[in-house]
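Per this note's numbering, the sequence shown starts with residue 327, numbered consecutively.
Cβ atoms here follow ideal geometry from the backbone N, Cα and C, with glycine treated the same way.
Values in this document were obtained by computation on a predicted structure and should not be read as measured data.
Read the structure below first, then the notes.
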Amino acid sequence: MSSLSLPADYKALLSVHETEHAIVMIKDFFQLALSTELNLTRVTAPLFVQSGTGLNDDLSGVEKPVSFTVQDMDNANMEIVHSLAKWKRIKLAEMKLQTGFGIYTDMNAIRACEELDPIHSLYVDQWDWEAVIAKEDRTVSFLQDTVKKIYRCLKRTEFYIYDRFPAITPVLPEKITFLFAEDLQKRMPNLSAKEREYEACKEYGAVFIVGIGYPLADGKPHDGRAPDYDDWITETGEGRHGLNGDLLVWNPVLHTALELSSMGIRVSPETLLLQLQQRGCTERKNLYFHSRLLKGELPLSCGGGIGQSRLCMYFLRKAHIGEVQVSSWPEAVIRDCKARGITLL
């Protein structure tokens with residue numbers, strides 16, 4: 327279990343009935359804003375993919391997916407997706423989308439290895455999005471421009487909810503602050519990565535930390551990243567590693583950093599090989615996804631995931647993610663929430 331604790335003096339600003347309505351409002355409004363800003367069209371996505379294809383997201387590389395066998399497919403093994411990071415690039419190729427256009431979808435997953443706490447659940451729901459980019463777009467500045475577009479969607483959604491529920495006052499800063507993981511480590515060398523995120527979010531309100539996955543000066547990456555979707559080995563002209571990052575905000579209810587999105591420019595054939603070599607898993611290059619990428623059959627792209635329940639939790643000022651989604655929780659958590667007046671859906 328995580329050490330993140332619930333606030334002692336929490337009181338929900340909305341009733342359960344109001345909350346259910348507000349969840350729909352947030353999801354409808356935000357996905358329309360996102361698709362408009364990034365030129366995305368909605369597609370239908372899988373809940374599971376076949377094992378051994380390399381299509382599933384490996385997250386930090388240690389999480390084991392929920393799996394099952396299919397009798398009518400010669401007992402083929404299927405995996406519940408962790409995310410759709412790699413599946414989306416194949417979808418882009420199939421749809422033959424032009425540069426500057428992309429897709430988004432509702433991604434639903436089960437992460438059985440998750441440490442359960444007020445912001446982590448067994449059930450994961452997010453908007454997965456992916457867009458085709460040109461070779462010259464593989465830069466930190468392009469990544470930052472994309473983040474700014476997403477942040478505009480967050481700001482508009484926050485006002486939209488405030489306009490309908492005046493008790494929920496806006497707190498997002500006017501602009502998001504970009505920080506490099508390398509710089510944060512140098513500024514706060516005695517703190518852990520999570521502690522650095524806490525301090526950065528507390529200071530700025532909303533941050534995008536660039537460079538997730540590449541070892542920093544202390545030999546550790548800021549956070550784990552699988553080697554085969556985000557590009558974290560590329561060194562830009564600014565001397566920073568990585569073309570990916572995490573978008574985090576200060577949570578005024580839990581008084582902590584809250585990650586809302588993980589995203590980045592995706593690996594090219596060249597950086598895929600470099601990252602597989604660095605992680606010692608070059609055997610993956612023979613898998614379906616990896617071999618297609620190495621053959622040049624998949625477009626260059628930028629993409630990410632945005633947590634739906636995380637957004638609802640944040641914008642509705644909820645203390646527990648179970649207030650905006652239905653999942654399963656340990657009995658001790660259920661008792662603790664009930665004692666604090668927190669209604670789990």
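Exercise for review: May I ask you to report which of helix, strand or coil DSSP gives Trp-455?
Suggested key: Position 129 of the sequence shown holds residue 455. Reduced to three states, the DSSP call for Trp-455 is strand.
Review point. Who does Met-404 pair with in a DSSP beta bridge?
Key: As a working note, residue 404 is residue 78 in the sequence shown. DSSP lists Gln-376, Phe-394 as partners of Met-404.
Review point. According to DSSP, what are the bridge partners of Leu-573?
Key: Start at 1 with the first residue of the sequence shown, and residue 573 comes out as number 247. Looking at the DSSP assignment, Leu-573 forms a beta bridge with Phe-534, Ser-587.
Practice item. If I'm right that Glu-596 touches Ala-419 with Cβ under 8 Å, what's the distance once you round it to whole angstroms? Key: As a first step, residue 596 is located in the sequence shown; it is residue number 270 there, counting from the start. As a first step, residue 419 is located in the sequence shown; it is residue number 93 there, counting from the start. The Cβ separation is near 18 Å, so there is no contact.
Exercise for review: Would you identify the three-state DSSP class for His-616, choosing helix, strand or coil?
Suggested key: Taking the sequence shown and counting its residues from 1, one reaches residue 616 at position 290. Three-state result, His-616: helix.
Point to revise | His-548, buried or exposed, once every other Cβ within 10 Å from all chains shown has been counted against 16 | key: Here residue 548 is taken as the residue at index 222 of the sequence shown, counted from 1. His-548 comes out buried.
Review point. Per DSSP, what kind of secondary structure is Thr-483 in: helix, strand or coil?
Key: As a first step, residue 483 must be located in the sequence shown, where it is residue number 157. It is helical.
Exercise for review: Could you tell me whether the region 412-432 touches the region 443-463, using the rule of 3 or more Cβ pairs below 8 Å?
Suggested key: yes
Point to revise | Pair within 7 Å by beta-carbon distance, Arg-592 and Tyr-555 | key: What you label residue 592 is simply residue 266 of the sequence shown in a count that begins at 1. What you label residue 555 is simply residue 229 of the sequence shown in a count that begins at 1. Yes, the Cβ-Cβ distance between Arg-592 and Tyr-555 is below 7 Å.
Practice item. With a 10 Å radius around its C-beta and 16 neighbouring C-beta atoms as the bar for buried, classify His-567 as buried or exposed. Key: By 1-based counting over the sequence shown, the position of residue 567 is 241. It is buried - the Cβ of His-567 has at least 16 other Cβ atoms within 10 Å.
Check your understanding: Within this structure, are the beta carbons of Gly-633 and Leu-586 separated by less than 7 Å?
Key -> Within the sequence shown, numbered from 1, the residue matching residue 633 stands at position 307. Within the sequence shown, numbered from 1, the residue matching residue 586 stands at position 260. Taking 7 Å as the Cβ cut-off, Gly-633 and Leu-586 qualify as a contacting pair.
Check your understanding: Looking at C-beta atoms only, is the number of pairs between the region 422-431 and the region 519-537 that lie closer than 8 Å three or more?
Key -> no
Exercise for review: Measure the C-alpha to C-alpha separation of Arg-490 and Arg-666 and round it to an integer number of angstroms.
Suggested key: Sequence index remark: in the sequence shown, residue 490 carries index 164 (1-based). Sequence index remark: in the sequence shown, residue 666 carries index 340 (1-based). Distance between the alpha carbons of Arg-490 and Arg-666: 26 Å.
Check your understanding: In whole angstroms, what separates the C-alpha of Leu-469 from that of Arg-661?
Key -> Numbered from its first residue, the sequence shown carries residue 469 at position 143. Numbered from its first residue, the sequence shown carries residue 661 at position 335. Their Cα atoms are separated by approximately 43 Å.
Check your understanding: Is Ala-371 helix, strand or coil by DSSP?
Key -> For the purposes of this step, residue 371 is identified with residue 45 of the sequence shown, where counting begins at 1. If DSSP states are grouped into helix, strand and coil, Ala-371 belongs with coil.
Review point. Can you tell me whether Pro-492 is buried or exposed, with buried defined as 16 or more other CB within 10 angstroms of its CB?
Key: Locating residue 492 in the sequence shown gives position 166, where the first residue counts as 1. That one is exposed.
Check your understanding: Whose C-beta lies closer than 6 Å to the C-beta of Arg-437 among residues of the same chain, with five residues either side of it excluded?
Key -> On the sequence shown, residue 437 is found 111 positions in, with the first residue counted as 1. Once the five neighbours on either side are set aside, the close Cβ partners of Arg-437 are Val-450.
Check your understanding: Which value, in whole angstroms, describes the spacing of the CA atoms of Met-399 and Leu-671?
Key -> The residue labelled residue 399 in the question sits at position 73 within the sequence shown. The residue labelled residue 671 in the question sits at position 345 within the sequence shown. Between Met-399 and Leu-671, the C-alpha separation is close to 36 Å.
Check your understanding: Quick check: the region 339-358 against the region 628-645, are there 3 or more CB pairs under 8 Å?
Key -> yes
Review point. Are Ser-617 and Leu-448 touching if we call contact CB-CB under 7 Å?
Key: By one-based count along the sequence shown, residue 617 stands at place 291. By one-based count along the sequence shown, residue 448 stands at place 122. In this structure, Leu-448 does not lie closer than 7 Å to Ser-617 by Cβ.
Exercise for review: Just the C-alpha distance for Trp-413 and Asp-383, rounded to the nearest angstrom, thanks.
Suggested key: In the sequence shown, residue 413 corresponds to position 87, counting from 1. In the sequence shown, residue 383 corresponds to position 57, counting from 1. Straight-line Cα distance between these residues: approximately 9 Å.
Check your understanding: In whole angstroms, what separates the C-alpha of Leu-510 from that of Ala-583?
Key -> As a working note, residue 510 is residue 184 in the sequence shown. As a working note, residue 583 is residue 257 in the sequence shown. Computed Cα separation, rounded: 15 Å.
Review point. Is Glu-508 near Leu-574, with beta carbons less than 7 Å apart?
Key: Here the question's residue 508 lines up with position 182 in the sequence shown. Here the question's residue 574 lines up with position 248 in the sequence shown. Contact flag unset, no.
Check your understanding: Cα-Cα, which of Gln-452, Val-407, Ala-371 is closest to Gln-357?
Key -> Working through the sequence shown from its first residue, we reach residue 357 at position 31. For the residues Gln-452, Val-407, Ala-371, the minimum Cα distance to Gln-357 belongs to Gln-452.
Check your understanding: Going by beta carbon distance, what residues of the same chain come within less than 8 Å of Leu-360, once the five residues before and after it are set aside?
Key -> The residue given as residue 360 occupies position 34 in the sequence shown. The residues are Leu-366, Tyr-430, Trp-453, Trp-455, Ile-476, Cys-479, Ile-632.
Point to revise | Inter-residue Cα distance where the pair is Asn-570 and Glu-521 | key: Indexing the sequence shown from 1 puts residue 570 at position 244. Indexing the sequence shown from 1 puts residue 521 at position 195. Taking the straight line joining both Cα atoms gives about 20 Å.
Point to revise | Selected residue, minimal CA-CA separation from Glu-529, among Phe-504, Ala-543, Asp-544, Pro-553 | key: Position 203 of the sequence shown, counting from 1, holds the residue named residue 529. Checking every option, the nearest Cα to that of Glu-529 belongs to Phe-504.
Review point. Ser-331 bridges to which residues according to DSSP?
Key: In the sequence shown, counting from the first residue as 1, residue 331 sits at position 5. Paired residue(s): none; Ser-331 is not in a bridge.
Review point. Taking C-beta to C-beta, are Val-375 and Val-407 nearer than 7 Å?
Key: Numbered from 1 along the sequence shown, position 49 holds the residue referred to as residue 375. Numbered from 1 along the sequence shown, position 81 holds the residue referred to as residue 407. In this structure, Val-407 lies closer than 7 Å to Val-375 by Cβ.
Point to revise | Member of Leu-517, Ala-526, Ile-559, Glu-525 whose CA lies at the smallest distance from the CA of Val-544 | key: Here residue 544 corresponds to residue number 218 of the sequence shown, with the count starting at 1. Before going on, a small fix: residue 544 reads as Asp here, not Val. Selected option, being the one with the closest Cα: Leu-517.
Check your understanding: According to DSSP, is Leu-626 helix, strand or coil?
Key -> In the sequence shown, residue 626 corresponds to position 300, counting from 1. Leu-626 falls in the coil class under three-state DSSP.
Point to revise | Leu-600 versus Met-589, Ala-402, Leu-620, residue with shortest Cα-Cα distance | key: What you label residue 600 is simply residue 274 of the sequence shown in a count that begins at 1. Selected option, being the one with the closest Cα: Leu-620.
Exercise for review: Write down every uninterrupted run of the alpha helix (DSSP H) in the region 629-657 whose length is 4 residues or greater and which is fully enclosed by it, in chain order.
Suggested key: 634-641
**Study point:** Alpha-carbon to alpha-carbon, Pro-499 and Val-466
**Key:** As a working mapping, residue 466 is identified with position 140 in the sequence shown. As a working mapping, residue 499 is identified with position 173 in the sequence shown. Cα to Cα, Val-466 sits roughly 22 Å from Pro-499.
**Study point:** Cβ shell of Arg-636 (< 6 Å), same chain only, five flanking positions each side left out
**Key:** On the sequence shown, position 310 is the one that residue 636 refers to. Excluding sequence neighbours, Arg-636 sits near Leu-586.
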